[in-house]
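Novice: Residue numbers (this note's numbering): 35 to 249.
Note that CB positions come from ideal geometry on N, CA and C, so glycine has one too.
Here the structure is a predicted model, which is why all the values come from computation and not from measurement.
Dropping a structure here in structure tokens format, bear with me for questions.
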Amino acid sequence: MPDPVPSYRKQPPKLVAGALCLDFVNTVSWRGDPQEPGERLTSYAELLLWAVHAGVLDKTTARLLEDEARGRADEALAVVASAVALREALARLLPGNRAGAESDLAILNARLASAPPRSVLRPRGAGYAWTEASIDGELEVPLHPVAWSAGDLLTSSLRANVRRCGDARCGWLFLDSSPTGRRRWCSMEACGNRAKARRFHRAKRTTKLVRSRRA
Numbered sequence: 035m036p037d038p039v040p041s042y043r044k045q046p047p048k049l050v051a052g053a054l055c056l057d058f059v060n061t062v063s064w065r066g067d068p069q070e071p072g073e074r075l076t077s078y079a080e081l082l083l084w085a086v087h088a089g090v091l092d093k094t095t096a097r098l099l100e101d102e103a104r105g106r107a108d109e110a111l112a113v114v115a116s117a118v119a120l121r122e123a124l125a126r127l128l129p130g131n132r133a134g135a136e137s138d139l140a141i142l143n144a145r146l147a148s149a150p151p152r153s154v155l156r157p158r159g160a161g162y163a164w165t166e167a168s169i170d171g172e173l174e175v176p177l178h179p180v181a182w183s184a185g186d187l188l189t190s191s192l193r194a195n196v197r198r199c200g201d202a203r204c205g206w207l208f209l210d211s212s213p214t215g216r217r218r219w220c221s222m223e224a225c226g227n228r229a230k231a232r233r234f235h236r237a238k239r240t241t242k243l244v245r246s247r248r249a
């Protein structure tokens with residue numbers, strides 16, 4: 035039985051991808067494991083928690099949307115389903131997977147069409163990001179910046195730098211901005227160190243086996 039997936043309240047998202055839309059694609063624990071992906075967007079509250087950590091929403095706006103969602107439970111569930119559908123479409127589109135690209139692009143275009151114009155700039159991290167002027171209780175607000183980010187990346191030369199983590203079970207996407215263009219891991223501290231540990235233990239077992247055969 036798989037371990038329960040922790041809430042973003044207790045285990046905040048690891049924002050290592052270098053682009054908002056790619057961090058959104060990484061809202062599963064193990065993208066490369068179809069049997070136990072570790073879904074993190076398990077409720078509208080979790081979507082809001084991710085959005086706050088990612089800089090999409092401030093805490094005040096997130097609280098207002100969470101209060102609004104309590105009285106519109108069915109709509110909130112539909113937004114979560116829409117978020118997951120958008121995420122999976124982006125997971126195929128952004129690395130350049132042409133299979134099913136037309137239907138995936140239709141999902142993104144529908145989201146872009148329903149989003150309001152980008153009309154306001156506000157700080158995000160060390161830089162700035164587009165947002166909309168007013169939320170007006172719109173539960174889909176967290177998805178608009180994700181769609182804008184995906185559209186920007188798909189139409190940019192940076193799309194060629196989208197990579198998949200070298201850990202097959204992880205499978206997270208990231209934007210390779212390394213000088214050599216040979217970044218292998220979504221995070222050296224996580225997947226990179228796990229790979230180093232596996233290589234160390236394999237080498238250790240091989241050494242023991244060779245020594246036992248010589249004995």
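Quick check on E102: does DSSP put it in helix, strand or coil?
Specialist: Helix, per DSSP.
Novice: Between A53, V62 and R156, which lies nearest to Y42 when the distance is taken from Cα to Cα?
Specialist: Of the listed residues, the one whose Cα sits closest to Y42 is V62.
Novice: What residue does the alpha helix (DSSP H) around V59 start on, and which one ends it?
Specialist: V59 -> alpha helix (DSSP H) spans L54 to V59.
Novice: Suppose you measure from the CA of N143 to the CA of A117; what does that come to, to the nearest Å?
Specialist: About 14 angstroms.
Novice: Please give me, in chain order, every unbroken run of the beta strand (DSSP E) with length at least 3 that falls completely inside the segment 83 to 138.
Specialist: Taking only runs of at least 3 residues, no beta strand (DSSP E) segment lies wholly in the segment 83 to 138.
Novice: Name the DSSP bridge partner or partners of A144?
Specialist: A144 is not bridged to any residue.
Novice: Quick check on Y42: does DSSP put it in helix, strand or coil?
Specialist: Y42 falls in the coil class under three-state DSSP.
Novice: Evaluate D170 with the Cβ neighbour count: other Cβ atoms within 10 Å of its Cβ, from every protein chain shown; 16 or more gives buried, anything less gives exposed.
Specialist: Its Cβ having fewer than 16 others within 10 Å, D170 is exposed.
Novice: Report the three-state DSSP secondary structure of P157 (helix, strand or coil).
Specialist: Reduced to three states, the DSSP call for P157 is strand.
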